[in-house]
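K.L.:
Here the sequence shown is numbered in our numbering, starting from -6 and rising by one per residue.
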Amino acid sequence: MLSKKSVVAGLVMMFVLTNASAADHTIMQNSKSFKLAGSQIEEMTIKAGDTIHFKNEDPFFHNIFSLSDLKTFDLGSYPAGESKAVVFDAAGEVEVECAIHPQMYLLLTVE
Ligand SMILES: [Cu+2]
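#1: Compute the distance between the beta-carbons of residue 63 and residue 47, then report whether it is under 9 Å.
#2: Is it buried or exposed for residue 80, if we count other Cβ within 10 angstroms and need 16 for buried?
#3: Identify every residue that forms a DSSP beta bridge with residue 54.
#4: How long is the line joining the alpha carbons of residue 49 and residue 72, rounded to whole angstroms?
#5: Go through its chain and collect everything with a Cβ distance to residue 61's Cβ below 6 Å, but skip five positions before and after it.
#6: Closest by CA to residue 96, which one among -3, 57, 41?
#7: Any chance you could list the beta strand (DSSP E) runs of at least 3 consecutive residues sitting entirely within the stretch 15 to 77, in chain order?
#8: Under a Cβ-count criterion, where at least 16 other Cβ atoms within 10 Å of its own Cβ denotes burial, should residue 82 be classed as buried or exposed?
#9: Within a Cβ cutoff of 6 Å, which residues of the same chain sit near residue 28, ignoring the five residues on either side of it in sequence?
In structure tokens form, the structure reads like this:
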């Protein structure tokens, strides 16, 4: 029979293993577009549990948000140099936009 202690230890282990593969990505807002490692992107695939840091590299404000059911968020307006993080915990698609620059668009596929 399992003791309470071993159940707790098991849950902690599961949590550690589940999160071991979670990755951090940094997507820049640069020249009113989304950029990954210097290249403009409109699509990106990540894994459930991954975190994206949205970093503003433009000398003006951006306001990154999503109205997608899978992950609705609004990071608010933030200035050059600032970065805000979002964790994508469920699989599916998320459309990411900027409230200030309607031409900015990123389709995230979470696997
Ligand atoms: Cu913007």
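Cβ atoms here follow ideal geometry from the backbone N, Cα and C, with glycine treated the same way. Note that this is a predicted model, so its numbers are computed, not measured.
P.N.:
The answer reads as follows:
#1: no
#2: exposed
#3: According to DSSP, which records beta bridges pairwise, residue 54 is partnered with nothing at all.
#4: 7 Å
#5: 87, 88
#6: Out of -3, 57, 41, the CA that lies nearest to the CA of residue 96 is found in 57.
#7: 17 to 23, 26 to 29, 36 to 39, 43 to 49, 57 to 59
#8: exposed
#9: 21
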